[in-house]
Each structure stands twice: as C-alpha cells, then as structure tokens.
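The block underneath contains the structure these notes are about, expressed in structure tokens.
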Ligand code: SF4
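Numbering (the numbering used here), first residue to last: 14 to 311.
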C-alpha cells in the first residue's frame, strides 16, 4: 500500500488506470530507493529511439559495405550526387539569405520578411558558419555576432516606420547590469531599484517609466523566454552581450529584437554597463512613425 501511493506521486498513471513502471520499481527498493524518481515511460522512449538509431545506422553501414564490395561505380555516383545536391542546397540557402539581407536593407521593406523568412536561416546556419570562418582568420566570435546584430538592427529599421504603442514594447535587461553589491532584488521587480545611480538600471527605469514601456531584469534565457511568452510584445528591446543577444534572437521566433550590446569594463557578466540613451532612443524611434532606426547607433 505504501509503495503504491508513492508511485502515484512520482510515477504516471497508465491508460488502463494502473500505475506504470515506477511503482513496480518501488516494490523492489521501497520508497527510499532512488529508482522511484525514474520515469518508466521516459526510459522506454530513450531505449526505443536508441534502438531505432542503432538499426538505422547499422543498416546504412551494411548497405555501404555491400555497395563498396559489389558496385563501386554506383557508390561513387551516389556520393557525387549527394555532395552536389548538398552543395546546391547550401549555396541556395546562402545566396537567398544574404541576397535578401542586401535587398531588404537597400529597399527598406518592412513587412517582417527578415524575422519571418530570412532571420531563422541566418541565425541558425549562416551565423554559426560565419563564426567558424571568422575564427580561422582571427575575427572573434563577439565581433562576428556583433556584426550580425548590426544587420538585425538595420533591418528592424524598416519596422520603425510602423507606429507602435508603448505597451507593445518590452525592454529586457541582463542581471549583470545591476551593480554587484546592490541589495535590491530588481530581477523580481525592477521598481525595487532605489535609483541610486550606481548602475544603468536607474536611468533606464526612469526613462522607460516615463515612456510607459514595461521593463524587466532577466536572470537568464529561461526567464526571458517566459516573459516574452507572457507579455507577447510586438518588439523587444534587449540589452546583453553579443552571445546572449544572438541566442535570444534565435529563441524568440519571429518577434523583432532591437539589440543593444552592453559594455563590460570589468569583464563578462559583472557590473556591465550600457548607455541608457541608446535604449531610450530605440524605444522612441519604435514608437514614432517614419523614423529610421539605423540612425540610432544601437
Ligand atoms: S541604480 Fe538601482 S539597481 Fe543599480 S545599484 Fe542603485 S538601487 Fe541598485
């Protein structure tokens, strides 16, 4: 009776109303056994997928071995075809993505093509490749990502021509922007900031309050994603380092993100700083119709 009740807490009820493997495990070791935390259904998913992967890979290897032994010419042709198809697909994506960036910047089209169509390919495929190439020729990851963020901001410039309500904008600040010795929990509620002026949060909150824009200090990607999900902004103005901003842009789907890179005078993730004026300027230009964000130096 005891082991059954624990199974209902940690385990899952099967479609037939019985308790799954977890409760069965408990009968072996009792409720203090670590196995009560092991979910039977999850284990099955992994085992089944791993077995399927093993079968597929083994099948492919056997097929390759068979072809190598019996039909060398066919293998060669197949490899050439696969390489050509892969190269053509990759080049197609690269040409379309980079061509679209040039056209969008040149024409100032602002119908969301960047976020909806181009940005996902760029941030997931072209940017990582650019970082690798940059590493070979001595350009740092931060520099490459910073360049990408500049492109991103330029393409949101078109968006600036569409007037926005202040309530449609969300400002996200990193935790490291707060002075390290500040005792107030601004990540829970930004208005806990006492405006002492020791860090940039003071000025930013003052400005965003005046503009009626919601501002949050985020402790990490998970909290930032939750905030975006809850508040559903039309545009995000985010302050962070190049890496966090790039990852954030990748995670928020097709929501435009104005990226403001922070300064790190004391190294990464510690007492960082930002020009509050850049944040304010970005917000004002998003709200005002017909203003080009490219001039905002963000
Ligand atoms: S400005 Fe606000 S957040 Fe920064 S140190 Fe002062 S009270 Fe803390």
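Glycine is no exception: its CB is placed at the ideal position from the N, C-alpha and C atoms.
Note that the structure is a prediction, hence the values are computed from the model and not measured.
Inset, instruction - Return yes when the C-beta of residue 210 is under 7 Å from any heavy atom of the ligand SF4, and no when it is not. - result: Walking along the chain shown from the start, residue 210 turns up at place 197. Residue 210 Cβ: within cutoff of the ligand SF4.
Inset, instruction - Evaluate residue 68 with the Cβ neighbour count: other Cβ atoms within 10 Å of its Cβ, from every protein chain shown; 16 or more gives buried, anything less gives exposed. - result: On the chain shown, position 55 is the one that residue 68 refers to. So residue 68 counts as exposed.
Legend entry - Nearest candidate by alpha-carbon position, reference residue 285, set 127, 234, 273, 152: As a position in the chain shown, residue 285 is number 272, starting the count at 1. Nearest option by C-alpha distance: 273.
Legend entry - For residue 283, three-class secondary structure by DSSP: Here residue 283 refers to the residue found at position 270 when the chain shown is read from its first residue. Of the three classes helix, strand and coil, the one that applies to residue 283 here is coil, per DSSP.
Inset, instruction - Have a look at residue 243 and residue 128 and give me their C-alpha separation to the nearest angstrom. - result: For the purposes of this step, residue 243 is identified with residue 230 of the chain shown, where counting begins at 1. For the purposes of this step, residue 128 is identified with residue 115 of the chain shown, where counting begins at 1. For residue 243 and residue 128, the distance between alpha carbons rounds to 20 Å.
Inset, instruction - Look up residue 253 in the DSSP assignment and say whether it is helix, strand or coil. - result: Position 240 of the chain shown holds residue 253. In the structure shown, residue 253 sits in a strand (DSSP, three-state: E or B).
Inset, instruction - Using a threshold of 8 Å, state whether the C-beta atoms of residue 232 and residue 217 are closer than that. - result: The sequence position of residue 232 within the chain shown is 219, counting from 1. The sequence position of residue 217 within the chain shown is 204, counting from 1. No; because the gap between Cβ atoms is not below 8 Å, this pair is not in contact.
Legend entry - residue 287 versus residue 154: straight-line alpha-carbon distance, rounded: If you number the chain shown from 1, residue 287 lands on position 274. If you number the chain shown from 1, residue 154 lands on position 141. Near 20 Å, if we compare the C-alpha coordinates of residue 154 and residue 287.
Inset, instruction - Determine the extent of the alpha helix (DSSP H) in which residue 314 is found, giving its start and end residues. - result: Since the first residue of the chain shown is 14 and the last is 311, residue 314 is not available in this structure.
Legend entry - For residue 230, the residue or residues it bridges with in DSSP: Along the chain shown, read from residue 1 onward, the residue named residue 230 stands at position 217. DSSP, once it has assigned bridges, lists 186 as partnering residue 230.
Inset, instruction - Report the three-state DSSP secondary structure of residue 173 (helix, strand or coil). - result: Locating residue 173 in the chain shown gives position 160, counting from the first residue. Because the pLDDT of residue 173 is 45, which lies under 50, any placement of that residue in the model is unreliable, and the number read from its coordinates should be weighed accordingly. Correct three-state label for residue 173: helix.
Inset, instruction - Take every Cβ of the stretch 243 to 259, pair it with every Cβ of the stretch 175 to 187, and state whether three or more of those distances are shorter than 8 Å. - result: yes
Inset, instruction - Determine which residues share a DSSP beta bridge with residue 68 and list them. - result: Within the chain shown, numbered from 1, the residue matching residue 68 stands at position 55. Its beta-bridge partners do not exist; DSSP assigns none.
Inset, instruction - Let me know the secondary structure DSSP gives residue 199 once reduced to three states. - result: Counting from one through the chain shown, the residue named residue 199 turns up at place 186. Coil.
Inset, instruction - For my contact list, residue 110 and residue 135 are in at a C-beta cut-off of 8 Å; report their separation, rounded to the angstrom. - result: Stepping through the chain shown from its first residue, residue 110 is reached at position 97. Stepping through the chain shown from its first residue, residue 135 is reached at position 122. About 5 Å; that satisfies the 8 Å criterion.
Inset, instruction - Decide if residue 146 is buried, meaning its Cβ has at least 16 other Cβ atoms within 10 Å, or exposed. - result: One-based indexing of the chain shown puts residue 146 at position 133. Exposed.
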